[in-house]
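Note that full-length UniProt numbering has the sequence shown beginning at 6, numbered continuously upward.
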Amino acid sequence: GITRNFSNSTSLNAIKTVTVVGGGLMGSGIAQVAAQAGQNVTIIDLKPESLEKAEKSIQNNLNRVARKAYKDDPAKIEAFVKEASDRIKVSTKIEDGVNVDLIVEAIVERLDVKQELFNKLDQLCPEHTILASNTSSISINEIGAGIKRKDRFGGLHFFNPVPVMRLLEVIKGDHISEETYQTMMAWGKSVGKTCITCKDTPGFVVNRLLGPYSAEALRMYERGDASSRDIDTAMKLGAGYPMGPLELADFTGLDNKKSILAVMLEKTSNPVFRQVTIINKLVSEGKYGRKSGEGIYKYNN
Ligand code: 3HC
């Protein structure tokens, strides 16, 4: 075949080293799928305890994946888990993660914090490094407003749980080059995802559509139109969703739901994204859903 060489740039399909900034649920999942695909991964997080937690959860989830793939073969399971985890390094210092082909940011959903990080990465990274954000609701163009490499920047939006959900939304900012876009698409495929492309519009595809659906489900519950269990059963059996909308809201976190709705309302002025009283109430009581032990439902964590 023809080998394409791009001077000063990462050639198509050539992402071999990845840094994930942010060791939370999404960051750990992204690191895991990249390591599973044979890439060398560095996870950066300011908090050592987050990195410890990330390593543990990746170990658990690698085991789940391996047990599924190699049911009756403990040696293969062990080898798979070891090989993938050996490809993951962690550090609290951003400098340890800058010398790579691709950086995916999965930190807190705050524009100012993300801008500061990207401005810093833009300064520290070699020329060929592609920068991407896993933001779910902030504008890609705004996040990258202060960087120089606007042609090597875009959105890579994953879904929870990252090792299981098959979709990756590839978001085109206004200045992304065709080459960067193609490299992102190829990378998504290399980590096992089906990629779709979306412009830099609020919520991209999935959250733009899930937001109103989920908000209305919570309003139905609030109004007492049906019980929580019945709302969930209805959408599972009547629409074929793997989880009902209330289970899903607990799963993704009511705190996240609240902030996504606020951003979407501000960006679109569409009243389908207006605040939901029950979400505000539960969040103010520290009931964020599955991760805090209680949301719409109670959990034994
Ligand atoms: N890592 C690896 N494997 C996992 C996993 C993880 N974190 N979580 C689940 N699995 C595997 C299980 O091992 C299991 O494998 P098996 O089929 O061999 O038994 C399989 O996935 C199914 O899991 P479970 O049996 O535990 O439970 P379910 O059948 O209920 O599936 C689910 C769980 C995959 C989460 C499914 O309920 C689902 O798809 N739910 C919808 C999730 C969703 O909509 N996510 C998108 C949210 S929006 C978002 O993320 C956007 C962001 O911006 C907020």
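Even for Gly, the Cβ is constructed at its ideal location relative to N, Cα and C.
Backbone secondary structure at residue i - three-state DSSP
i	result
Ala19	coil
Asn65	helix
Asn45	strand
Gly6	Summary for Gly6: the model assigns pLDDT 35, below 50, so the residue's position carries little reliability; its value from the coordinates is reported in the next sentence. In this structure, Gly6 counts as coil in the three-state DSSP scheme.
Tyr304	coil
Phe11	Model confidence at Phe11 stands at a pLDDT of 43, short of 50, so the residue's coordinates are unreliable and nothing is read from them.
Ser274	coil
Lys204	strand
Thr238	helix
Ile145	helix
Gly159	strand
Val210	coil
Ala137	strand
Glu299	strand
Gly245	coil
Gly34	helix
Gly294	strand
Val268	helix
Lys94	strand
Expected contact under 8 Å - CB spacing of residue i and residue j to nearest Å
i	j	result
Met189	Leu161	6 Å
Tyr293	Gly249	So it is not a contact: roughly 18 Å between Cβ atoms.
Ile181	Phe158	7 Å
Ala89	Leu67	5 Å
Thr22	Val105	4 Å
Val211	Glu252	Not a contact, Cβ separation roughly 17 Å.
Val38	Pro168	6 Å
First and last residue of the uninterrupted alpha helix (DSSP H) at residue i
i	result
Leu51	Here Leu51 belongs to no alpha helix (DSSP H), and DSSP marks it neither H nor E.
Glu88	Pro79 to Asp91
Lys194	Glu183 to Ser195
Ala254	Pro250 to Thr257
Val109	Counting along the chain, Val109 falls outside any alpha helix (DSSP H), though it belongs to the beta strand (DSSP E) covering Leu107 to Glu110.
Glu174	From DSSP, Glu174 is part of no alpha helix (DSSP H) but of the beta strand (DSSP E) over Leu172 to Lys177.
Phe125	The question names Phe, but residue 125 is Lys in the sequence shown. Where Lys125 is concerned, the enclosing alpha helix (DSSP H) stretches over Leu116 to Leu129.
Boundaries (first-last residue) of the beta strand (DSSP E) holding residue i
i	result
Ser289	Run containing Ser289: none in the beta strand (DSSP E); it sits in the alpha helix (DSSP H), Thr282 to Ser289.
Gly29	Careful: Gly29 lies outside any beta strand (DSSP E) and carries neither H nor E.
Ala231	Run containing Ala231: none; DSSP gives neither H nor E here.
Contact with chain D by residue i, beta-carbon distance below 8 Å
i	result
Gly178	In summary, chain D is missing from the structure at hand, where a single protein chain is found.
Sufficient close CB pairs (3 or more, under 8 Å) joining the region 284-302 to the region 239-250: Because the criterion of three Cβ pairs below 8 Å is not met, the region 284-302 and the region 239-250 do not touch.
Using 8 Å as the cut-off, can you tell me whether the region 117-133 makes contact with the region 78-97, which would need three or more C-beta pairs spanning the two stretches below that distance? Three or more beta-carbon pairs separated by less than 8 Å are not found between the region 117-133 and the region 78-97, which leaves the two stretches without contact.
Say whether the region 111-121 touches the region 142-161, bearing in mind that this needs 3 or more beta-carbon pairs closer than 8 Å, one atom from each stretch. In short, these stretches touch, since the Cβ pair count reaches three.
Closer than 8 Å is the cut-off here; do at least three beta carbon pairs connect the region 202-218 with the region 38-50? The region 202-218, when compared against the region 38-50, does not touch it at the 8 Å Cβ threshold.
Three or more C-beta pairs under 8 Å: does that hold for the region 97-115 against the region 26-34? Yes, since at least three Cβ pairs between the region 97-115 and the region 26-34 fall closer than 8 Å, the two stretches touch.
Would you call the region 230-239 and the region 280-296 in contact, with 3 or more CB pairs under 8 Å? These segments do not touch.
Can you confirm whether the region 214-234 touches the region 183-198 when touching is taken to mean that 3 or more C-beta pairs between the two stretches lie within less than 8 Å? Contact between the region 183-198 and the region 214-234 is absent, because fewer than three Cβ pairs lie under 8 Å.
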